[in-house]
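Peer 1: In case it helps, this note's numbering puts the sequence shown at residues 25 to 420. I have a structure I would like to understand better, so I am pasting it below and will then ask my questions one at a time.
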Amino acid sequence: MAQLDQLPIEVLLFIAEYLPGQRDINALTQVNRSLYHHLHFFLCRYNVKHHQGSALIRAAKKGHIRLATKLLNAGANIAHFESPAETNHDRNTRLSEIENPLLLAAQGGHIAILKSMLSETRPGQACSPAQLRTVLHWAIRARDSELVELMIHQKAPLDPAGEEREALSALGVAVVSRDESIIPRLLNAGARPGQNEEPCPIARAIETDQPQVVKLLLEHGIRLNSDTGLCFIASRNDKILLQCFIDYGLDLSMDGHAALFTAIMDGQYEMVEFLIEEGANPHLECELWTHDENGFFETLFYSSIGFAIHFRRLQILRLLLAKGVLPGQGDLCLAVKKEFEEAVALLSKFSNQDLPQKESIENYLLWQQINRQDNGLDFEIPHKSWFVFDSMLPHH
25 MAQLDQLPIE VLLFIAEYLP GQRDINALTQ VNRSLYHHLH FFLCRYNVKH
75 HQGSALIRAA KKGHIRLATK LLNAGANIAH FESPAETNHD RNTRLSEIEN
125 PLLLAAQGGH IAILKSMLSE TRPGQACSPA QLRTVLHWAI RARDSELVEL
175 MIHQKAPLDP AGEEREALSA LGVAVVSRDE SIIPRLLNAG ARPGQNEEPC
225 PIARAIETDQ PQVVKLLLEH GIRLNSDTGL CFIASRNDKI LLQCFIDYGL
275 DLSMDGHAAL FTAIMDGQYE MVEFLIEEGA NPHLECELWT HDENGFFETL
325 FYSSIGFAIH FRRLQILRLL LAKGVLPGQG DLCLAVKKEF EEAVALLSKF
375 SNQDLPQKES IENYLLWQQI NRQDNGLDFE IPHKSWFVFD SMLPHH
């Protein structure tokens with residue numbers, strides 16, 4: 025064996041070709057430095073051909089740039105390692121389960137090997153856009169501004185991975201990471217929320233108490249995907265933040281109804297008054313998604329007064345009546361059933377009246393949309409709710 029390195033390279037390659045596996049070839053390369061030099065590229069080529077370049081994962085993780093270069097020269101395909109979860113969000117797939125060579129190099133701080141792989145442009149060998157997105161999201165979470173800049177330069181996608189509601193855009197990741205400093209750079213690069221992203225970046229900023237981020241996003245033309253954020257504002261009685269949305273064109277006569285019922289449910293008297301004054305309609309019927317006495321899901325249909333009765337909001341009930349809101353046809357019976365004596369006393373005077381059937385939020389919004397298709401509003405929420413979840417439930 026000591027004379028193996030004296031054989032012509034063609035003979036060595038011929039011998040290597042007939043060895044049964046990668047472990048045997050690897051053993052042959054370890055005989056001495058000369059054989060290692062002659063046969064290592066063959067070993068890389070064998071790994072690419074028979075193991076889809078699996079050694080590239082180890083090279084990226086350990087920062088072995090020469091090994092990575094040899095594997096790429098032998099035909100290794102970076103995109104081969106793309107995980108389905110990188111193209112379509114999967115809540116059951118953890119980041120640690122994704123074998124992305126770019127991500128492993130970034131996590132290990134091996135920037136040289138990362139840049140080497142990013143520079144790979146040969147057909148069938150370059151990384152995929154989805155893999156770039158994964159690295160960008162990790163860089164944002166790690167607050168690594170230089171790596172974020174590198175990924176933006178590499179044109180990493182800024183949109184979410186797929187159409188799932190829970191799939192985050194780059195903006196969504198930045199908001200969740202509470203890194204306000206990176207948001208302007210993402211916005212300047214063209215970052216926008218995903219069409220189905222929910223909660224959307226602004227809603228996440230509202231829920232995580234980041235008002236400056238909310239204003240920054242509004243200034244750059246980012247809008248809410250749904251009225252979830254408004255409901256959260258209503259539940260906290262944050263009239264200042266709600267006024268900020270109104271200043272940017274929010275029309276509560278179109279988008280404020282679920283927020284109004286949320287404010288009633290949560291006993292926010294001032295917010296209820298403010299929403300009605302700004303155009304939210306208190307004369308509608310809203311679905312309440314809750315649980316019955318046995319813990320089974322049920323849907324209840326209540327007017328605004330019915331909400332005030334169900335949640336025992338006496339002062340809000342008085343406010344609604346003072347605003348000229350008529351009870352729904354079943355509201356008095358509801359008050360009796362709930363043994364809400366003050367409400368029964370207030371509604372008794374309507375007992376002999378022919379009370380109108382309340383229109384649902386869903387139907388009302390449909391007709392409003394038909395009548396205002398060309399309203400030219402700068403701020404209009406695409407997904408509006410006709411229901412609210414019962415915030416009094418223990419798991420809410």
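A virtual CB, placed ideally from N, CA and C, is assigned to each residue, including glycine.
(1) Do L276 and E302 have their beta-carbon atoms positioned less than 8 Å apart in this structure?
(2) Whole angstroms is fine: what's the gap from K86's alpha carbon to P217's?
(3) Are V368 and A282 closer than 8 Å when you measure CB to CB?
(4) Name the two residues that bound the continuous alpha helix (DSSP H) containing V412.
(5) To the nearest angstrom, how far is the alpha carbon of Y42 from that of Y70?
(6) As a quick exercise: from G148, N124, P147, pick the residue whose alpha carbon is nearest that of L138.
(7) I'd like the span of the alpha helix (DSSP H) that includes Y272, first residue to last.
(8) Cβ of T111 within 8 Å of Cβ of G196?
(9) Count the C-beta pairs between the segment 338-350 and the segment 368-388 that are closer than 8 Å, then say yes if the count reaches three, no if not.
(10) In the DSSP assignment, what are the bridge partners of C310?
(11) Would you tell me roughly how many angstroms separate the C-alpha atoms of D203 and L371, rounded to the nearest one?
(12) Near V238, what residues of its chain come up, given a Cβ to Cβ distance below 8 Å and the 5 sequence neighbours on each side ignored?
(13) For N261 and M295, what's the separation of their Cα atoms in angstroms?
(14) Just how far apart, CA to CA, sit I122 and Q155?
(15) Got a sec, what are the start and stop residues for the alpha helix (DSSP H) F285 sits in?
(16) Could you tell me the alpha carbon to alpha carbon distance between D290 and E311, rounded to whole angstroms?
(17) Thinking just about the alpha-carbon of each residue, which of M416, I246, A98 is nearest to the one in E221?
(18) As a quick exercise: from A130, S169, H134, pick the residue whose alpha carbon is nearest that of V159.
(19) Taking the CB atoms as reference points, tell me whether E106 and S152 lie closer together than 8 Å.
(20) Among residues of its own chain, excluding the 5 on either side of L174, which ones have a beta-carbon nearer than 6 Å to its beta-carbon?
(21) Can you give the Cα-Cα distance for S409 and R342, rounded to whole angstroms?
(22) Nearest to Q234 by alpha carbon, out of S250, G214, F256?
(23) Going by DSSP, name the residue or residues bridged to S250.
(24) Hey, how far is the Cα of D271 from the Cα of K263?
(25) I need the DSSP call for H113, collapsed to helix, strand or coil.
(26) Alpha carbon to alpha carbon, how far is H161 from V200? Give it in angstroms, no decimals.
(27) Would you kindly work out how many angstroms separate the C-alpha atoms of L254 and F321, rounded to a whole number?
(28) Check each candidate in L344, K362, D316, S384 and name the one with the smallest Cα separation from Y326.
Peer 2: Per the coordinate set shown:
(1) yes
(2) 35 Å
(3) no
(4) V412 -> not in any alpha helix (DSSP H); beta strand (DSSP E) instead, spanning 411-413.
(5) Unreliable placement is indicated for Y42, whose pLDDT of 49 sits below 50; the coordinate value is still reported in the next sentence. So the alpha carbons of these two residues sit roughly 12 Å apart.
(6) N124
(7) Neither: Y272 is in no alpha helix (DSSP H) and is coded neither H nor E.
(8) no
(9) yes
(10) Y326
(11) 51 Å
(12) I226, A229, I230, L265, C268
(13) 5 Å
(14) Cα to Cα, I122 sits roughly 10 Å from Q155.
(15) 281-289
(16) 15 Å
(17) I246
(18) Checked all of A130, S169, H134; the closest Cα to V159 is A130.
(19) yes
(20) Contacts found: none.
(21) Using only the alpha carbons, I get a separation of about 26 Å.
(22) F256
(23) H407
(24) 12 Å
(25) Looking at H113 - three-state DSSP - the assignment turns out to be coil, as it is neither helix nor strand.
(26) Answer to the nearest angstrom: the Cα atoms are 11 Å apart.
(27) 24 Å
(28) Nearest option by C-alpha distance: S384.
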